[in-house]
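J.: Chains as they are written, first to last, in the numbering used here: chain F, 10 to 465; chain C, 1009 to 1118.
1) Residue 149 of chain F to residue 363 of chain F, Cα distance in whole Å?
2) In angstroms with no decimal places, state the Cα-to-Cα distance between residue 172 of chain F and residue 226 of chain F.
3) With a threshold of 8 Å, are at least 3 pairs of Cβ atoms found where one atom belongs to the region 121 to 129 of chain F and the other to the region 1077 to 1088 of chain C?
4) Nearest to residue 44 of chain F by alpha carbon, out of F:389, F:196, F:388, F:252?
5) Count the other CB atoms, across all protein chains shown, that sit within 10 Å of the CB of residue 1024 of chain C; report buried if there are 16 or more and exposed otherwise.
6) Using 8 Å as the threshold, is the region 156 to 174 of chain F in touch with the region 354 to 361 of chain F, meaning 3 or more CB pairs across them?
7) Residue 351 of chain F and residue 114 of chain F - do their beta-carbons sit closer together than 8 Å?
8) Taking all protein chains shown into account, do 16 or more other C-beta atoms lie within 10 angstroms of the C-beta of residue 258 of chain F, making it buried, or fewer, making it exposed?
9) Taking one C-beta from the region 154 to 166 of chain F and one from the region 180 to 190 of chain F each time, how about it: are there three or more such pairs within less than 8 Å?
10) Taking three-plus beta-carbon pairs below 8 Å as touching, is the region 381 to 398 of chain F in contact with the region 264 to 276 of chain F?
11) Measure the C-alpha to C-alpha separation of residue 384 of chain F and residue 27 of chain F and round it to an integer number of angstroms.
12) Give, in chain order, every unbroken run of the beta strand (DSSP E) that is at least 3 residues long and sits entirely within the region 172 to 207 of chain F.
13) Taking the CB atoms as reference points, tell me whether residue 192 of chain F and residue 143 of chain F lie closer together than 8 Å.
14) Helix, strand or coil: which one does DSSP assign to residue 305 of chain F?
15) Quick one, which of F:335, F:255, F:340 has its alpha-carbon nearest residue 246 of chain F's?
16) List, in order along the chain, the chain C residues whose C-beta lies closer than 9 Å to that of residue 335 of chain F?
17) Is the number of C-beta pairs between the region 81 to 89 of chain F and the region 1035 to 1053 of chain C that are closer than 8 Å three or more?
18) Between the C-alpha atoms of residue 57 of chain F and residue 378 of chain F, what's the straight-line distance to the nearest angstrom?
19) When DSSP labels each residue in this structure, what does residue 134 of chain F get in the three-state scheme?
20) Since residue 160 of chain F meets chain C, which of its residues come closer than 7 Å, beta carbon to beta carbon?
21) From residue 107 of chain F to residue 30 of chain F, what distance separates their C-alpha atoms?
22) Is it right to say residue 331 of chain F is buried, meaning 16 or more other beta carbons lie within 10 angstroms of its own, or is it exposed?
23) Taking the alpha carbon of residue 243 of chain F as the reference point, which residue from F:413, F:391, F:80 has its own alpha carbon closest?
24) Could you name the residues of the region 1080 to 1097 of chain C whose beta carbon sits closer than 7 Å to any beta carbon of chain F, in the order they occur along the chain?
25) Quick one: list the residues of chain C neighbouring residue 167 of chain F, beta-carbon separation under 9 Å, in chain order.
26) Note down, in chain order, every chain C residue with its Cβ under 9 Å from the Cβ of residue 219 of chain F.
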């Protein structure tokens, strides 16, 4: 829902059509979307979730919020009354619809909606936003393309093949436990159009014939394989459960998983590691090393009781390039309820001490539960680091998912290599004896240019 | 946006639109609006978010919670529902231009 519609006004550089009257033909929904929504956002976590305009409790009454939540998975099919515009106005490209499940996690997406709806279309009509398919549960999709209130109902399209309609925006903004999640909730377009075809067919003949005008759901209108399988490196991201605590981890060798100390804090503790790709497997493991609380590197290493079969092992990076496209793959937000989420961004900073990278910062959306997960270079797929934390402003309590910190893999690689070759933990023990400048960086303080001078 | 996005952007912008809903004869009662996708231009078919017509449901929003329901007919909403669709033309056209400043929106310096 948006704000008061503004008067018809000029589009960005081109005149807008005057608003055309339309009639409501159908209200459409996808029962599978609503079922997955109830599973992921309902239950005991229901009261933690807020969507779109309902984020400001003081602005929306409980009834209105309830109405909005009920309408979240519903869409409207309208028939626009013919206008006087010249014939060419009535033509325009038919949109192609991507089949459900055809777009893999991590695939780039383009969202096109109008922030604030009809309030200011001459400025905001068809504003674009880019991201990736972060996660999916049947027709319920999540993207990290950032959308604003008013873009509900806007289309989300693939980059390849160009312009295939994947989904419509169901809820542009999500808050969980008052943390902005930075993900947009989508409903896949294909099942909605199937519901429309079925429903129109059951209505009076004059309307039923409209079903033939609905865009076809095509593998690919261009005969291309719709999309290659998603990036192979997402498979290395695993879920780590240690008692009641869970987080993410990354498989770095067939029997070795790296995670965060705050996920698996105690050496010799038994942990459960869940792999979801290429198939769902659960393997027990044991924490063979965890850094001390005093170490700035929040790291733990788990040795598995069985090999990880068919999981491609990530290649560790040797260099870091600020500005490069990166992806985080973690179990934040949904944890065990569905596979890992992929969020995209850039490597926003590489913090060095004595010319050695000791901290990586990215603009990906990182949420609670993603700790311990892998940070990859999007194009090369090499493993850049281990996600350790995002940012909270203690004064305002606000959390910034898009500012987060990772431990460079170059810090861990020598110790990992030594342990894999000899079983010696000596390299890991070095992580407990980092220099003061490294500690200062991870305490988010400015490295001292020089030792403070005594005033005496 | 990189080259890979050019034709996606054009395709997205050519089917994008905004939809507003209001009560007949009660424009002061406020209105709701959202974005939408043009599925067909002649005759015009648009898919938009259902949240903007939920306030007009004769049976209230409870009708949206019927288990397994995949659609509701158009007459589920009251007759005073007025819908309008607006989109950018696929070619220049002499549509109305408005010079009036827009109320309520401002761009504060960061």
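Cβ atoms here follow ideal geometry from the backbone N, Cα and C, with glycine treated the same way.
Quantities reported herein were computed from a predicted structural model and do not represent experimental measurements.
T.: Looking at the coordinates:
1) 47 Å
2) 13 Å
3) no
4) F:196
5) buried
6) no
7) Yes, they are a contact pair.
8) buried
9) yes
10) At 8 Å Cβ cutoff, the stretches touch.
11) 48 Å
12) Fully enclosed beta strand (DSSP E) runs of 3 or longer: 173 to 180, 183 to 185, 193 to 197.
13) yes
14) Note: residue 305 of chain F maps to coil in three-state DSSP.
15) Of the candidates F:335, F:255, F:340, the one whose C-alpha sits nearest the C-alpha of residue 246 of chain F is F:340.
16) What residue 335 of chain F touches in chain C: nothing, since even the nearest Cβ is about 16 Å away.
17) yes
18) 15 Å
19) coil
20) 1043
21) CA-to-CA, the gap between residue 107 of chain F and residue 30 of chain F works out to about 29 Å.
22) Classification for residue 331 of chain F: exposed.
23) F:391
24) 1080, 1081, 1082, 1084, 1085, 1089, 1091, 1092, 1093, 1094, 1095, 1096, 1097
25) Taking a Cβ-Cβ threshold of 9 Å, the residues of chain C close to residue 167 of chain F are 1016, in chain order.
26) 1048, 1051, 1053
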